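Comments concern the structure below.
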Amino acid sequence: MEFRGLMGGLYRISEWIMRLSVINVLWVICSVPFFYLVLAGLIATMETPQYLGQALVMVAIVTPFTLFPATAAMFAVARKWLTGDADAPLFKTFFRNYKENYLQSMLGGLLFILFGTLLYINYTFYLRQTGSLSLLAMLFIVLGMIMLAAMFHFFSIMVHFHMKFWQIIKNCMLITIGNPIMTIFLMVGNGVIVYVSLFQYTFLIPFFMGSLMAIVSFWTFHRIFDKMKTVSEKKQLEEEEAEAEAQKELNSASEVEADSGTAGTSGAKPQDKINP
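FYI, the numbering for the sequence shown is 18 to 293, going by this note's numbering.
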């Protein structure tokens, strides 16, 4: 039964609220160790600030094995929605992609955690310096933002293409650096979602925060990909037209040479007859 008018609009809105909340809850459940350690670390750090380092280490250890595979599965569902398959089965799609992308997402998590740790160490080192050296800390903040944007593209590429791990890493970096405007849009959009979820409406965290970020991230990636595809097709068409034009000119030149050769031969025959 299909509802129309106001009832139809309310039904579709409630349906999308259900879809977003179900996927976000699945994401949280599959990432329980991560969220538990984050919450426990915050509570412990508020009471004893010295526990911050230990909390960060524990969170970094569990992140590649829990948060990253769950996020990849959530991105796979968002991809279904944004590519026209809004009625894809939620549980089946989520857990199938959780299993299929577990290894690559785990490796990606290890790599991004390692890179993020190196950036944090360099940031804190240069922040303690005096003079112009302290300004280098800003460079590592920028690199950290680029790494976060590349991480979002990493998930989008992984669920959209069948690529080897290092191909995904290379392409997510190229897309991030090669599209600065869309990268800024991606970071601002996800930053607004995180800010509102953490400081305005905390109920969004278990029900909508992750799924909304997945939609914003994959929509941004898909827009970049469509633009690159259009440019590539246009370039290929121009090359084909140029090749066809060159072939046409070559054929015309061949016809002219053939005509000239025929004319020269017909003019030599009478002379042979007159002067044997």
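Virtual Cβ for every residue (Gly too), placed ideally from N, Cα, C.
Please read these numbers as outputs of a predicted model, since none were measured by experiment.
What's the C-alpha gap between residue i and residue j?
i	j	result
ASN118	GLY101	21 Å
ARG36	PHE171	23 Å
GLY284	GLU258	Confidence at GLY284 is low in this model, with a pLDDT of 49, below 50, so the placement of that residue should be treated as unreliable; the coordinate-derived value is given next. Cα-Cα distance, rounded: 39 Å.
LEU59	ILE30	35 Å
ALA90	TYR218	25 Å
VAL74	LEU43	25 Å
HIS177	LYS187	15 Å
LYS116	ILE174	17 Å
ARG145	PHE92	39 Å
Can you find the residues in the same chain that come closer than 8 Å, C-beta to C-beta, to residue i, ignoring five residues on each side of it along the sequence?
i	result
SER38	PHE224, PHE225 and SER228
LEU211	Note that residue 211 is Val in the sequence shown here, rather than Leu. Same-chain partners within the cutoff: MET226 and MET230.
TRP33	none
LEU99	ILE232, PHE235, TRP236 and HIS239
LEU128	ILE186
LYS251	none
GLY70	none
To which residues of the same chain is residue i closer than 7 Å at the C-beta, ignoring the five residues directly before and after it?
i	result
VAL55	VAL76
THR80	PHE51, GLY126 and ILE130
ARG96	VAL176, HIS177 and PHE235
SER214	LEU221, ILE222 and MET226
ASN114	ALA89, ALA90, ALA93 and VAL176
TYR53	none
With a threshold of 6 Å on Cβ separation, who are the neighbours of residue i within its own chain once the five nearest residues in sequence on each side are excluded?
i	result
LEU84	SER48 and PHE51
GLY206	VAL233
GLY25	none
PHE111	LEU43, ALA90 and VAL94
GLY161	LEU136
If the criterion is Cβ atoms closer than 8 Å, does the pair residue i and residue j meet it?
i	j	result
ILE185	GLN121	yes
PHE132	MET164	yes
| field | Three CB pairs or more closer than 8 Å across the region 239-251 and the region 60-70 | value | Note that the region 239-251 does not touch the region 60-70; fewer than 3 beta-carbon pairs, one per stretch, sit closer than 8 Å.
| query | Along the chain, which unbroken stretches of the alpha helix (DSSP H) at least 4 residues long are found entirely within the region 38-122? | reply | Here the runs fully enclosed are 49-64, 69-99 and 107-117.
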